[in-house]
Structures are given as structure tokens and as C-alpha cells.
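Numbering (our numbering), first residue to last: 4 to 212. All C-beta atoms in this analysis are idealised placements derived from N, C-alpha and C, irrespective of residue type, glycine included. Inspection log for the structure reproduced underneath, given as C-alpha cells.
Here you go:
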């Protein structure tokens, strides 16, 4: 029901005509957030609107992905726009966010899904430790990059920090996050990260099959 959304919108609109959509609601939420402190009812109304905005945005992503695919855009090109490192990761994200027309699953399905997830996680960690030399060489190459923007350099710093750790598996997430930032200036490194991501996808898939 959207009654609480309408109530929250009316409460924060202060009598002025506003946009009855996510953009207008976002402006109202932003105004409250910028105040830092405010009336309790204002903050609660902003949180209510934010929940509805989040739900609405969640519906936009699969529609935009479908529009891109309909326009002939490959999964490999979609991946950086989604902030993931490989076409397989982009496909997985789409499958995760698309509406499937159901809101429940059976207990058996949930147990199987959780079992497969854990098996996949273990397979990924095992692959990372078995390929420690490859991953550390890649991470070392990424760690010396110093010509990216602020967000890109922060991702490189995360790789450098993980490189100092004892567990090679801790490199996986920072490397994946750094991949899209490296795509333009260092495509060779981005391709190597994508190749690692593909290997991880295969390891995870094999563990669940």
C-alpha cells in the first residue's frame, strides 16, 4: 500500500506542490537528511519515503538491463555499468534482481540454495589459496597503479591492504571491486581480473552441480 507514502509526502511538502514520483520524493528526503537534526516526525516521514524510493529503484534495474540487452548490448559491456567484473557476474546480478513472480520458496529449496551457496563459497576460497602466486602477482601489479580518480585509487588501496594479509582469498573482493576502475586506463589488468572472475564462476558452478 502507498497510503503511508502519500502521508509522508504530504507531511514533508509543507504545502507546496511537489512531484509525485521518486525524483520529487528524493528531494524531500535529501532536504531532511541535509538538516542533520530535525523533528522526529520529519525524519520518520523521510525514512518512509526512502523505503518506497528504494523499492522503486529496485524495479528499475532489471528493466534497464533488459532494455540494454534488447538494444544488443553484450553482458560484457553491461558488467562495468553494474559495478561487477565479468559478464557472468552481470548475468547473476540480473537473475538476482529480476522479479520472478513469486514471493516464497519451499523450505527444501531454501536449504538447497543455502547449501549450494556455502559449497560455492568454499570452492572459491580453495581456488584462491591454490592459485596464491597468480593472485598475489596480479594484486602487486594493481597496487602500483597511481593514475586513477579518487574512487579508483581507493579501490587500489584496498587491494594493497589485502595484499599484506596472510589469506590470499581476502584479495578476491578488492580485486573484483578494482576491475571496473581499471578498465579505461589499464585494460590489461582489468582483463586479468575478469579472467580470475571467470575462473571463480566456474569453481562456484562446479561446486553446486
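In this structure, the straight-line span from the alpha carbon of residue 25 to that of residue 45 is close to 17 Å. Rounded to the nearest angstrom, the gap between the Cα atoms of residue 193 and residue 9 is 46 Å.
In this structure residue 172 is not in contact with residue 122, their Cβ atoms being roughly 15 Å apart against a cut-off of 8 Å.
Excluding its 5 nearest sequence neighbours in each direction, residue 29 has C-beta neighbours in its own chain below 7 Å: 56, listed in chain order. Within the model, the alpha-carbon separation for residue 198 versus residue 32 is close to 41 Å. Check the Cα spacing between residue 175 and each of 75, 80, 139: the tightest is with 139. For residue 37, the enclosing alpha helix (DSSP H) starts and ends at 25 to 38. Remark: fewer than three beta-carbon pairs, one from each stretch, lie closer than 8 Å, so the region 160 to 169 and the region 201 to 212 are not flagged as touching.
When secondary structure is reduced to three states using DSSP, residue 151 falls in the coil class, being assigned neither helix nor strand.
Short of 7 Å from the beta carbon of residue 71, and not among the five residues preceding or following it, lie these beta carbons of its own chain, in chain order: 81. Your pair residue 79 and residue 90 checks out as a contact, with CB atoms roughly 5 Å apart and the cut at 8 Å. A Cβ-Cβ contact shorter than 8 Å links residue 83 with residue 186.
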